[in-house]
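**Student:** Position 303 (the sequence shown) corresponds to 382 in my numbering; numbering is contiguous.
We put the beta carbon where it would ideally sit given N, CA and C, even for glycine.
Because the structure is a prediction, the values reported are computed rather than measured.
The structure is given below, and queries will be raised subsequently.
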Amino acid sequence: MRPTQPGWGASLRTPGCIDPMDHVPHSLRSARELIPFGVAMSANRHGRVAAVDRAAGCAYDHKLRRNDLDQSGRRWSAFLVGQLLRRSAQVVETGLTNQIDTRRGPGMASGSYCRIAVTTVTNPHGLACNFDSGSGLLPNSEYWSEIRPEGTPVALLTSQPLLDRFQHVRHALGGPPVIIVPDGEQGKSLHIVTSVYERLAAIRFPRTGIIVGMGGGSITDLAGFVAATWKRGARLVLIPTTLTGQVDAAIGGKNGVNLTDGKNLVGTIYQPERVIADRAVLGSLPEREFRSGLAEIIKCGFVGDPAILDLVDSMPTGGPIGDDLLRELIDRSARVKVELVQQDEHDFGPRRHLNYGHTLGQAVEAATGYREYNHGEAVGIGMLFAASVAAIVHGARELPERTRHYLARVGLPTGLSATVDFERIWSLMGQDKKGGSVGREFVLCLGPGIVRLTSMPDRAVAREAFRFVAGGDREAGRD
80 MRPTQPGWGA SLRTPGCIDP MDHVPHSLRS ARELIPFGVA MSANRHGRVA
130 AVDRAAGCAY DHKLRRNDLD QSGRRWSAFL VGQLLRRSAQ VVETGLTNQI
180 DTRRGPGMAS GSYCRIAVTT VTNPHGLACN FDSGSGLLPN SEYWSEIRPE
230 GTPVALLTSQ PLLDRFQHVR HALGGPPVII VPDGEQGKSL HIVTSVYERL
280 AAIRFPRTGI IVGMGGGSIT DLAGFVAATW KRGARLVLIP TTLTGQVDAA
330 IGGKNGVNLT DGKNLVGTIY QPERVIADRA VLGSLPEREF RSGLAEIIKC
380 GFVGDPAILD LVDSMPTGGP IGDDLLRELI DRSARVKVEL VQQDEHDFGP
430 RRHLNYGHTL GQAVEAATGY REYNHGEAVG IGMLFAASVA AIVHGARELP
480 ERTRHYLARV GLPTGLSATV DFERIWSLMG QDKKGGSVGR EFVLCLGPGI
530 VRLTSMPDRA VAREAFRFVA GGDREAGRD
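Written as structure tokens, this is what we have:
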């Protein structure tokens, strides 16, 4: 195999490579190992690594070197993973794996789906956690038979409007019992959780049954919490019906319910065995809700995969996004989150990079009573604020306008239009639930793919950055 990108192969096969047999464990010389982003890798007895990322259409051939393994000598190093995953080339060989690929769904007349396996997290039933992205998956009974063998109990948890809209999903599942819950944040309460428990008890729902949560982030949060706690853990499948859910909320296992003192104060990290991202359901989304999801996609471009930002730039102006482009945006964004979840499932390190833009964003939501901005719009403004901090403190002078450009490109707000008081925002940022116990945490991006976890900026810096976001200064961090 040889990459088609000029020069890249030569840069990996540098002179002075040591004999790989001196340091490659026997188990890696022949075994195939799944790593983040759904890439299959194998090391042969000659110490040459072959990698195939079928979903992205990439194949690589690489000579092992000493720093390609971690300190234990038994796992691929982050350096090698990063090198392999950040290149694009044509697939010139297939067949290294049939576990991760772009495949035609069973019984599907057309189309295919991409499966990304989350391989370092565990499901209590010993099943892999898979993210399936495609179009036309939900009404396909044969596809569902892979997930739910005949006779497996299922309970569908959704809202009434979604059930009315997607009756074909219930039909494909074989007509299981349906538990109707309120949509939105009002459904994420312990009162609603109790009512769901009582319904499950009434139908004698077993621990081995599958709870299917179909809806936006609030419903998938609720379904995840119920599954995690019903009889100490039932099987879970999530069907996100919003763009935000497909690229963010339904991936990674976080769930939670609200208390009067705040959002998501009660919750767990509990992995679903399947997340089904069917692009066909997005056609019914209101335009503003769809754009909100694009904010999370832009975030993934800044924190993990800069190629996403190039794709955003290629979007048509004022017209619909083509299915091929939407597929690539969803799949790439999902891979960013999957990689971070696999590194840090319980959210103590790199996974927190996904909080980029959320510190100010959640403060803006709260300060405006959750009425002026939806979540994606607020996160976009939060990213603009964080970019302004990077410009002021670290000299990343082009970043604020670059961020503003991408937000404008997809029709998101490029500043605060409402009159929001800085003192109120500053107070709310200090209450950010995502902060660590040692102090208030802030995710800083110095450029696409360059992310740091740091402490909150001091008050003077925050005020200057806020003034830029509010429209007072057109250029942050310039004299």
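1. Three-state secondary structure (DSSP) at residue 308?
2. For my contact list, residue 465 and residue 523 are in at a C-beta cut-off of 8 Å; report their separation, rounded to the angstrom.
3. How many Å lie between residue 458 and residue 230 at the Cα?
4. Measure the Cβ-Cβ separation of residue 437 and residue 455 and say whether it is below 8 Å.
5. Is the Cβ-Cβ distance between residue 301 and residue 352 less than 8 Å?
6. Under 8 Å by Cβ, that's how I've got residue 463 and residue 433 pegged, so tell me the actual separation to the nearest angstrom.
7. So, helix, strand or coil for residue 489, using DSSP?
8. Evaluate contact between the region 388-404 and the region 343-351, counting only Cβ atoms and requiring at least three cross-stretch pairs below 8 Å.
9. Using a Cβ-Cβ cutoff of less than 7 Å, which residues in the same chain neighbour residue 339 once the five nearest sequence positions on both sides are dropped?
10. When DSSP labels each residue in this structure, what does residue 106 get in the three-state scheme?
11. Tell me the DSSP bridge mates of residue 356?
12. Note down, in chain order, each residue of its chain lying with its Cβ closer than 6 Å to the Cβ of residue 292, except the 5 sequence neighbours on either side.
13. Identify which residue in 224, 250, 481, 310 has its Cα closest to the Cα of residue 388.
14. Would a C-beta distance cut-off of 8 Å place residue 421 and residue 248 closer than the cut-off?
15. Please state whether DSSP places residue 276 in a helix, a strand or coil.
16. Go to residue 472, then tell me how far its alpha helix (DSSP H) extends in each direction, as first and last residue.
17. For residue 125, is the classification buried or exposed, using 16 other Cβ atoms within 10 angstroms of its Cβ as the cut-off for buried?
18. In three-state DSSP terms, what is residue 220?
19. Is it true that the region 358-374 meets the region 306-315, where meeting means three or more beta-carbon pairs spaced less than 8 Å apart?
20. Less than 8 Å between the C-beta atoms of residue 445 and residue 491, yes or no?
21. To the nearest angstrom, how far is it from the Cα of residue 355 to the Cα of residue 222?
22. Using a 10 Å radius around the Cβ and a threshold of 16 neighbouring Cβ atoms, would you call residue 427 buried or exposed?
23. On the criterion of 16 or more Cβ atoms from any shown chain inside 10 Å, does residue 418 qualify as buried, or is it exposed?
24. CA-CA distance, residue 430 and residue 415?
25. Beta carbon of residue 305, beta carbon of residue 376: below 8 Å?
26. Which residues bound the beta strand (DSSP E) around residue 342?
27. Which class does residue 401 belong to by DSSP, given the choice of helix, strand or coil?
28. Where residue 365 and residue 401 are concerned, what is the direct C-alpha to C-alpha distance, given to the nearest angstrom?
**Tutor:** Based on what the coordinates show:
1. Counting from one through the sequence shown, the residue named residue 308 turns up at place 229. Residue 308: helix per DSSP, three-state reduction.
2. Position 386 of the sequence shown, counting from 1, holds the residue named residue 465. Position 444 of the sequence shown, counting from 1, holds the residue named residue 523. Contact holds; Cβ gap of about 6 Å.
3. If you number the sequence shown from 1, residue 458 lands on position 379. If you number the sequence shown from 1, residue 230 lands on position 151. Rounded to the nearest whole angstrom, the CA to CA distance from residue 458 to residue 230 is 43 Å.
4. Residue numbering aside, residue 437 sits at position 358 when the sequence shown is read from its first letter. Residue numbering aside, residue 455 sits at position 376 when the sequence shown is read from its first letter. No, these two residues do not count as a Cβ contact at 8 Å.
5. Translated into positions along the sequence shown, residue 301 becomes position 222. Translated into positions along the sequence shown, residue 352 becomes position 273. Inclusion of residue 301 and residue 352 in the CB contact set at 8 Å is not warranted, their separation being larger than that value.
6. In the sequence shown, counting from the first residue as 1, residue 463 sits at position 384. In the sequence shown, counting from the first residue as 1, residue 433 sits at position 354. With a Cβ gap of about 17 Å, residue 463 and residue 433 do not count as contacting.
7. Taking the sequence shown and counting its residues from 1, the one referred to as residue 489 is at position 410. Note: residue 489 maps to coil in three-state DSSP.
8. Three or more beta-carbon pairs separated by less than 8 Å are not found between the region 388-404 and the region 343-351, which leaves the two stretches without contact.
9. For this step, residue 339 is matched to residue 260 along the sequence shown. Here the set comprises nothing.
10. The residue you call residue 106 lines up with position 27 of the sequence shown. Note that residue 106 scores a pLDDT of 35, beneath 50, so its modelled location is shaky; the value from the coordinates is reported in the next line. Looking at residue 106 - three-state DSSP - the assignment turns out to be helix.
11. Working through the sequence shown from its first residue, we reach residue 356 at position 277. Per DSSP, 212.
12. Working through the sequence shown from its first residue, we reach residue 292 at position 213. Answer for residue 292: 236, 298, 299, 302, 317, listed in chain order.
13. Against the sequence shown, residue 388 aligns to sequence position 309. When 224, 250, 481, 310 are compared, the shortest CA-CA separation from residue 388 is found for 481.
14. Within the sequence shown, the letter at position 342 stands for residue 421. Within the sequence shown, the letter at position 169 stands for residue 248. A distance of 8 Å or more separates the beta carbons of residue 421 and residue 248.
15. To locate residue 276, count along the sequence shown from 1; it is residue 197. Looking at residue 276 - three-state DSSP - the assignment turns out to be helix.
16. Locating residue 472 in the sequence shown gives position 393, counting from the first residue. 454-473 is the span of the alpha helix (DSSP H), which, as asked, contains residue 472.
17. Counting from one through the sequence shown, the residue named residue 125 turns up at place 46. With a pLDDT of only 40 at residue 125, under the threshold of 50, the placement of this residue in the model should not be trusted; the figure read from the coordinates follows. Looking at its Cβ environment, which holds fewer than 16 other Cβ atoms inside 10 Å, residue 125 is exposed.
18. For the purposes of this step, residue 220 is identified with residue 141 of the sequence shown, where counting begins at 1. Helix.
19. Between the region 358-374 and the region 306-315 there are fewer than three C-beta pairs closer than 8 Å, too few to call the two in contact.
20. By one-based count along the sequence shown, residue 445 stands at place 366. By one-based count along the sequence shown, residue 491 stands at place 412. No. Outside cutoff.
21. By 1-based counting over the sequence shown, the position of residue 355 is 276. By 1-based counting over the sequence shown, the position of residue 222 is 143. Their Cα atoms are separated by approximately 11 Å.
22. Here residue 427 refers to the residue found at position 348 when the sequence shown is read from its first residue. Residue 427 comes out exposed.
23. Locating residue 418 in the sequence shown gives position 339, where the first residue counts as 1. It counts as buried.
24. Translated into the one-based positions of the sequence shown, residue 430 becomes position 351. Translated into the one-based positions of the sequence shown, residue 415 becomes position 336. Residue 430 and residue 415 have their C-alpha atoms spaced approximately 10 Å apart.
25. Taking the sequence shown and counting its residues from 1, one reaches residue 305 at position 226. Taking the sequence shown and counting its residues from 1, one reaches residue 376 at position 297. Taking 8 Å as the Cβ cut-off, residue 305 and residue 376 do not qualify as a contacting pair.
26. On the sequence shown, position 263 is the one that residue 342 refers to. Residues 341-345.
27. As a position in the sequence shown, residue 401 is number 322, starting the count at 1. Three-state result, residue 401: coil.
28. Mapped onto the sequence shown, residue 365 falls at position 286. Mapped onto the sequence shown, residue 401 falls at position 322. Roughly 17 Å separates the two Cα atoms.
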